[in-house]
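S.K.: Pasting a structure here, questions to come.
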């Protein structure tokens, strides 16, 4: 437990929100400096608005969207300024006490699919190493009577009460919105750390569809073992057609739903189609309509029919083609001469590229999220082998009477769990988790 020395110094700090006094404290033996940001007269005050905030450089300074820390700090200062009195205790215990270095390492683990608690444990830390005795002593030195604590964390309330702080009430600090970047983090805080948040009542956004539920949140789910998270995403008509006839492209999506498709691409590490789609559409498979990186193109081509004039060869250094051992060697050499990567795998019972070994190979390349776009045989194969984690389907409100989206009869009938739907332009987008 740190021993807190009395105030080292303090100064007036005028801000856009109001004027505060900034008090600097020194704690030993950890040699950390903590801060109290004070508005108005809080000495002997009852029900004083107080926020006990642990340092978060990425959120407080950079405005990171991975967490809600910066948002909570700003909101607490606003509430105190509006009330005319209150205290923010700013504790130097970055990353729930594990420090900035291991916090950044934990972020990397989270990008691999582990949640914020699992990441801490994997690095040899407790899920939460914060300690609040310095905060309690600072409040005592400021002679605060009782407080209204601005927090969503019941463990913080319990700890401060154990340290003798009288807490007469809790003031929640709700995030303004859930995004694809913070959704899994917030969900983990609720489910594993008891945080008092009603996530279902908060708006979803990806920066383009404000105040709307966001399909991209699906891509933040935990990774399956030994393979990427697979999101099946394609467009069809009301009668289930994805093409007017086999091998012929069909423009289905409205501009709004097409932009969503490109957002999904930009949020995915890789995008997969079959050779039939390449032959019919000659696609680029980029995310050109939105900001963000292009996904790595992955093609399944059991006989290496890939055209040497395809647009995808303009990105040959990124192009990854999976084929079988029966494919012609000279075609592989021609594709590799243009810069593409060709991977041979033993064919499955149907003579096609085996999906599970292919997915294991992608995971080994650290491609953690895979968007599967089609065509019909690819959609059928992934569904039939139960390798789809998420589904995002755009439905154009028209009839075509063309080629069906699923190219075969499925052994088990997959369903979308907790489905959502929303209009994007003239289309309806349906999404959810596959079970």
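Numbering (the working numbering), first residue to last: 27 to 461. Backbone N, C-alpha and C fix where the C-beta goes; we use that ideal spot for every residue, glycine too. Small disclaimer: the values here were computed from a predicted structure and weren't measured.
Pull the bridge partners of residue 30 from the DSSP assignment, please.
M.R.: As a first step, residue 30 is located in the chain shown; it is residue number 4 there, counting from the start. BP columns for residue 30 point to 53.
S.K.: Reducing DSSP to helix, strand and coil, say where residue 232 ends up.
M.R.: The sequence position of residue 232 within the chain shown is 206, counting from 1. Unreliable placement is indicated for residue 232, whose pLDDT of 45 sits below 50; no coordinate value is reported for it.
S.K.: Cβ of residue 47 within 8 Å of Cβ of residue 64?
M.R.: The residue you call residue 47 lines up with position 21 of the chain shown. The residue you call residue 64 lines up with position 38 of the chain shown. The answer is yes: Cβ separation under 8 Å.
S.K.: For the putative contact between residue 123 and residue 76, defined by C-beta atoms under 8 Å, what is the C-beta separation to the nearest angstrom?
M.R.: Taking the chain shown and counting its residues from 1, the one referred to as residue 123 is at position 97. Taking the chain shown and counting its residues from 1, the one referred to as residue 76 is at position 50. Going by Cβ atoms, the distance from residue 123 to residue 76 rounds to 20 Å, so no, they are not a contact pair.
S.K.: Just checking, does the stretch 342–358 make contact with the stretch 321–330 on the three C-beta pairs under 8 Å criterion?
M.R.: Counting Cβ pairs under 8 Å, three or more are found: they touch.
S.K.: Could you give the C-beta distance for residue 241 and residue 418, rounded to a whole number, given that I count them as a contact under 8 Å?
M.R.: Counted from its first residue, the chain shown places residue 241 at position 215. Counted from its first residue, the chain shown places residue 418 at position 392. Confirmed, Cβ separation roughly 5 Å.
S.K.: Given this structure, state the Cα-to-Cα distance separating residue 155 from residue 338, to the nearest angstrom.
M.R.: Against the chain shown, residue 155 aligns to sequence position 129. Against the chain shown, residue 338 aligns to sequence position 312. Each residue's Cα considered, the two are about 49 Å apart.
S.K.: Return yes when the Cβ of residue 281 is within less than 8 Å of the Cβ of residue 400, no when it is not.
M.R.: If you number the chain shown from 1, residue 400 lands on position 374. If you number the chain shown from 1, residue 281 lands on position 255. The answer is no: Cβ separation not under 8 Å.
S.K.: Please classify residue 291 as buried or exposed, where buried requires at least 16 other C-beta atoms within 10 Å of its C-beta.
M.R.: The residue given as residue 291 occupies position 265 in the chain shown. With 16 or more other Cβ atoms within 10 Å, it is buried.
S.K.: Do residue 197 and residue 219 have their CB atoms nearer than 8 Å?
M.R.: On the chain shown, position 171 is the one that residue 197 refers to. On the chain shown, position 193 is the one that residue 219 refers to. Their beta carbons are not under 8 Å apart, which means residue 197 does not touch residue 219 by this criterion.
S.K.: Mapping DSSP to helix, strand and coil, what is residue 249?
M.R.: Position 223 of the chain shown, counting from 1, holds the residue named residue 249. Reduced to three states, the DSSP call for residue 249 is coil.
S.K.: How close, in whole Å, do the beta carbons of residue 180 and residue 249 come, if the pair is a contact with beta carbons under 8 Å?
M.R.: By one-based count along the chain shown, residue 180 stands at place 154. By one-based count along the chain shown, residue 249 stands at place 223. Their Cβ separation, rounded to whole angstroms, is 29 Å, which puts residue 180 and residue 249 out of contact at 8 Å.
S.K.: CB residue 333 to CB residue 297, shorter than 8 Å?
M.R.: Here residue 333 refers to the residue found at position 307 of the chain shown. Here residue 297 refers to the residue found at position 271 of the chain shown. Cβ distance not < 8 Å, so residue 333 and residue 297 don't count as in contact.
S.K.: Spatial neighbours of residue 107 within its chain, please: CB distance less than 7 Å, with the 5 preceding and 5 following residues excluded, ordered by chain position.
M.R.: Taking the first residue of the chain shown as 1, we reach residue 107 at position 81. Answer for residue 107: 43, 44, 65, listed in chain order.
S.K.: With respect to the alpha helix (DSSP H) encompassing residue 104, which residues constitute its N-terminal and C-terminal limits?
M.R.: As a working mapping, residue 104 is identified with position 78 in the chain shown. That run of the alpha helix (DSSP H) goes 95–109.
S.K.: Where does residue 208 land, buried or exposed, given buried means 16+ other C-beta within 10 angstroms?
M.R.: Locating residue 208 in the chain shown gives position 182, where the first residue counts as 1. Burial call: buried.
S.K.: What is the rounded straight-line gap between the Cα of residue 103 and the Cα of residue 110?
M.R.: Here residue 103 is taken as the residue at index 77 of the chain shown, counted from 1. Here residue 110 is taken as the residue at index 84 of the chain shown, counted from 1. Approximately 10 Å between the Cα atoms of the pair.
S.K.: DSSP three-state label for residue 219, please.
M.R.: What you label residue 219 is simply residue 193 of the chain shown in a count that begins at 1. Residue 219 falls in the helix class under three-state DSSP.
S.K.: Exposed or buried, which one is residue 39 when buried takes at least 16 other CB atoms within 10 Å?
M.R.: Position 13 of the chain shown, counting from 1, holds the residue named residue 39. Counting Cβ neighbours within 10 Å, residue 39 comes out exposed, since fewer than 16 surround it.
S.K.: Buried or exposed, going by whether 16 or more other CB atoms sit within 10 Å of the CB of residue 60?
M.R.: Looking up residue 60 in the chain shown gives position 34. Residue 60 should be labelled buried.
S.K.: By the 10 Å Cβ neighbour count, where 16 or more other Cβ atoms means buried, how is residue 388 classified, buried or exposed?
M.R.: For the purposes of this step, residue 388 is identified with residue 362 of the chain shown, where counting begins at 1. Buried.
S.K.: Give me the Cα-Cα distance between residue 343 and residue 362, rounded to the nearest whole angstrom.
M.R.: For the purposes of this step, residue 343 is identified with residue 317 of the chain shown, where counting begins at 1. For the purposes of this step, residue 362 is identified with residue 336 of the chain shown, where counting begins at 1. Cα-Cα distance, rounded: 9 Å.
S.K.: Quick one: Cα of residue 136 to Cα of residue 149, how far?
M.R.: As a position in the chain shown, residue 136 is number 110, starting the count at 1. As a position in the chain shown, residue 149 is number 123, starting the count at 1. Near 12 Å, if we compare the C-alpha coordinates of residue 149 and residue 136.
S.K.: Alpha carbon to alpha carbon, how far is residue 311 from residue 469? Give it in angstroms, no decimals.
M.R.: The question about residue 469 has no answer here: the residues shown for the chain are numbered 27 through 461.
S.K.: Mind checking which residues open and close the beta strand (DSSP E) that includes residue 384?
M.R.: The residue you call residue 384 lines up with position 358 of the chain shown. No beta strand (DSSP E) holds residue 384; the alpha helix (DSSP H) holding it covers 381–390.
S.K.: Would residue 143 pass as a contact of residue 84 if the rule is Cβ separation under 8 Å?
M.R.: For the purposes of this step, residue 143 is taken as residue 117 along the chain shown, with counting starting at 1. For the purposes of this step, residue 84 is taken as residue 58 along the chain shown, with counting starting at 1. No, the pair does not count as a contact, with Cβ atoms beyond the cut-off.
S.K.: Is it true that the CB of residue 171 sits closer than 8 Å to the CB of residue 71?
M.R.: If you number the chain shown from 1, residue 71 lands on position 45. If you number the chain shown from 1, residue 171 lands on position 145. Result yes, Cβ atoms of residue 71 and residue 171 sit closer than 8 Å.
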